[in-house]
Amino acid sequence: MLGFLVRLLPFWIREPLFILVGSVFGVRIMYLALHDGEWIPAAIGTAFLVATAVRVHTVVRALRARRSPSPAAFAHGPVPDTAAQPQTQAGQLPAPVVPTAPAKEPNAWGQAVAAVALFAVLGVVLWLGPSLVPTDDGSTQQAASCASGESEKLPSAYTKTPRAVTGDELCKALNRPDLARLLGTPAEIATVASGTSNTALLTGGKVAQPEAEVQFDTFTVNVSATYNKLSIAQYVKLMKFGEETDVKTLSVVGRPAVLFSDHTMKIEINLGSSGSGGPVEQGPSARTLSVAFDGKDSGGYYEITVWSESGAFPDDSALLDIAETVLPTIPERAV
Numbered sequence: 262m263l264g265f266l267v268r269l270l271p272f273w274i275r276e277p278l279f280i281l282v283g284s285v286f287g288v289r290i291m292y293l294a295l296h297d298g299e300w301i302p303a304a305i306g307t308a309f310l311v312a313t314a315v316r317v318h319t320v321v322r323a324l325r326a327r328r329s330p331s332p333a334a335f336a337h338g339p340v341p342d343t344a345a346q347p348q349t350q351a352g353q354l355p356a357p358v359v360p361t362a363p364a365k366e367p368n369a370w371g372q373a374v375a376a377v378a379l380f381a382v383l384g385v386v387l388w389l390g391p392s393l394v395p396t397d398d399g400s401t402q403q404a405a406s407c408a409s410g411e412s413e414k415l416p417s418a419y420t421k422t423p424r425a426v427t428g429d430e431l432c433k434a435l436n437r438p439d440l441a442r443l444l445g446t447p448a449e450i451a452t453v454a455s456g457t458s459n460t461a462l463l464t465g466g467k468v469a470q471p472e473a474e475v476q477f478d479t480f481t482v483n484v485s486a487t488y489n490k491l492s493i494a495q496y497v498k499l500m501k502f503g504e505e506t507d508v509k510t511l512s513v514v515g516r517p518a519v520l521f522s523d524h525t526m527k528i529e530i531n532l533g534s535s536g537s538g539g540p541v542e543q544g545p546s547a548r549t550l551s552v553a554f555d556g557k558d559s560g561g562y563y564e565i566t567v568w569s570e571s572g573a574f575p576d577d578s579a580l581l582d583i584a585e586t587v588l589p590t591i592p593e594r595a596v
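The sequence shown begins at 262 in the numbering used here and counts up by one.
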């Protein structure tokens, strides 16, 4: 259909159009072929340029023929048409013949210039289009989102614990758009975000302990809430018997808190036929900030832990910024 419409165009529009498009495509394909070192595109580009050269030659011949018409028609001068002369009566003069101006033919150069000007924009768009138009090829990484836990059945500890938050709610509070900036790595995007409504170990499922985790390329952040009777003051006393280091007590959002360092645990699980797993090993170092649920330190606390596979963790100011930003947004379920 397009070829039929092009053939309907006048010669002085069609041929410059073919020349323009052939030149643009030929040069563009040749450039890409030389840049990538491919001979097949080079052959295609050469074919475009050769076809364009042939059309240029045709246009040049047509222009020469138009400028220099054949002299044979004027070799003997104009031949009078006596048969067409009207017969006059004796003594009467023939009526004067009014010369008629020849029909004005379209200007070939004007048509050519108009065609080039009209389709020059097309050539520029074809040439620069890939660099000017933004493309979305699906390679842009999207930040991980928290899976909905509405259908998750909560353990009985959550129904018996007043105002206990769920893992899904913790995940939504932690997975903030500015979390990477708070960690000091603003260019990173969350790759994993999850939340679980667990219970504390060695409590027989009686103590609710939901947690959420957001992973980046550099750091991993974990937030948990433990609904027991242990206060921060008691927690600090217990640290004297543990292996925690760099212990520092402070106040965060008006509540007692403590900063300390510890190691994560690394567990290997074999999903083969035996279904066995390796021993529990010591994981990379982590930095943890524990914050009491309330200013009275009446029992229970949030914990924010940050670690990386390299063993490094951000400054303590990053944990404080996360706590001051995330903790006020954590919802509390009604009793």
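Backbone N, C-alpha and C fix where the C-beta goes; we use that ideal spot for every residue, glycine too.
Identified DSSP bridge partners for residue i
{"i": "W568", "result": "T481 and A547"}
{"i": "D577", "result": "Bridge partners of D577: none, in fact."}
{"i": "R516", "result": "V513"}
{"i": "D523", "result": "A547"}
{"i": "V552", "result": "A518 and Y563"}
{"i": "T506", "result": "S522"}
{"i": "T487", "result": "Y562"}
Candidates the options: closest to residue i by CA position
{"i": "S409", "options": "V514, D429 and R289", "result": "D429"}
{"i": "V567", "options": "P438, G556 and D577", "result": "D577"}
{"i": "F480", "options": "S455, V311, G503 and P575", "result": "P575"}
{"i": "L491", "options": "A473, E564 and S512", "result": "E564"}
{"i": "L580", "options": "T590, D558 and V552", "result": "V552"}
{"i": "A518", "options": "T590, K498, L463 and F502", "result": "K498"}
{"i": "P277", "options": "L295, V321 and L293", "result": "V321"}
{"i": "G456", "options": "T464, C407, F502 and D507", "result": "C407"}
Other residues of its chain near residue i: CB distance less than 8 Å, five sequence neighbours each side excluded
{"i": "S458", "result": "G410, E413, L415, P416, Y419, T427, G428, D429, A469 and P471"}
{"i": "V288", "result": "G306 and L310"}
{"i": "T403", "result": "This sequence places Gln at residue 403; Thr is not what is there. So the qualifying residues of the chain are I450."}
{"i": "D558", "result": "S492, I493, A494, R516 and P517"}
{"i": "G466", "result": "P416, S417, A418 and T460"}
Own chain residues within Cβ distance below 7 Å of residue i, not counting five before or after
{"i": "G515", "result": "G556"}
{"i": "P447", "result": "A441"}
{"i": "T422", "result": "A469 and Y488"}
{"i": "G561", "result": "T487, Y488, N489 and F554"}
{"i": "E585", "result": "V513 and V514"}
{"i": "V425", "result": "Rather than Val, the amino acid found at residue 425 in this sequence is Ala. Excluding sequence neighbours, A425 sits near Y419, A469, Y488 and R594."}
{"i": "P302", "result": "I290, L293 and A294"}
Span of the alpha helix (DSSP H) around residue i
{"i": "K498", "result": "I493 to M500"}
{"i": "E430", "result": "G428 to L435"}
{"i": "V311", "result": "W300 to R328"}
{"i": "A408", "result": "Unbroken run through A408: none, as it is neither H nor E."}
{"i": "L415", "result": "Taken as a continuous stretch (DSSP letters only), L415 belongs to no alpha helix (DSSP H), as it is neither H nor E."}
{"i": "R424", "result": "Looking at the DSSP string, R424 is not in any alpha helix (DSSP H), and its letter there is neither H nor E."}
{"i": "L463", "result": "From DSSP, L463 is part of no alpha helix (DSSP H); its letter is neither H nor E."}
{"i": "L440", "result": "L440 to L444"}
Residues near residue i in its chain [Cβ-Cβ closer than 6 Å; skip 5 each side]
{"i": "P341", "result": "Confidence is the limiting factor: at P341 the pLDDT is only 49, short of 50, which leaves the residue's position unreliable, though a coordinate-based value still follows. Excluding sequence neighbours, P341 sits near nothing in its chain."}
{"i": "A323", "result": "none"}
{"i": "M291", "result": "G306"}
{"i": "I583", "result": "L443 and I565"}
{"i": "V482", "result": "V475 and V567"}
{"i": "D478", "result": "E449"}
{"i": "T452", "result": "A405 and Q476"}
Whether residue i touches residue j by CB criterion (7 Å)
{"i": "L588", "j": "L550", "result": "no"}
{"i": "V484", "j": "L444", "result": "no"}
{"i": "S284", "j": "T313", "result": "yes"}
{"i": "E570", "j": "P592", "result": "no"}
{"i": "A461", "j": "V475", "result": "no"}
{"i": "R548", "j": "S512", "result": "no"}
{"i": "F286", "j": "R316", "result": "no"}
{"i": "A405", "j": "C432", "result": "no"}
Residue i CB to nearest heavy atom of the ligand FAD below 6 Å
{"i": "R328", "result": "Ligands are entirely absent from the displayed structure, and the ligand FAD is therefore not among its contents."}
Boundaries (first-last residue) of the beta strand (DSSP E) holding residue i
{"i": "V453", "result": "V453 to T460"}
{"i": "A473", "result": "A469 to Q476"}
CB contact below 7 Å: residue i versus chain B
{"i": "T313", "result": "Looking for chain B here will not work: only one protein chain is present."}
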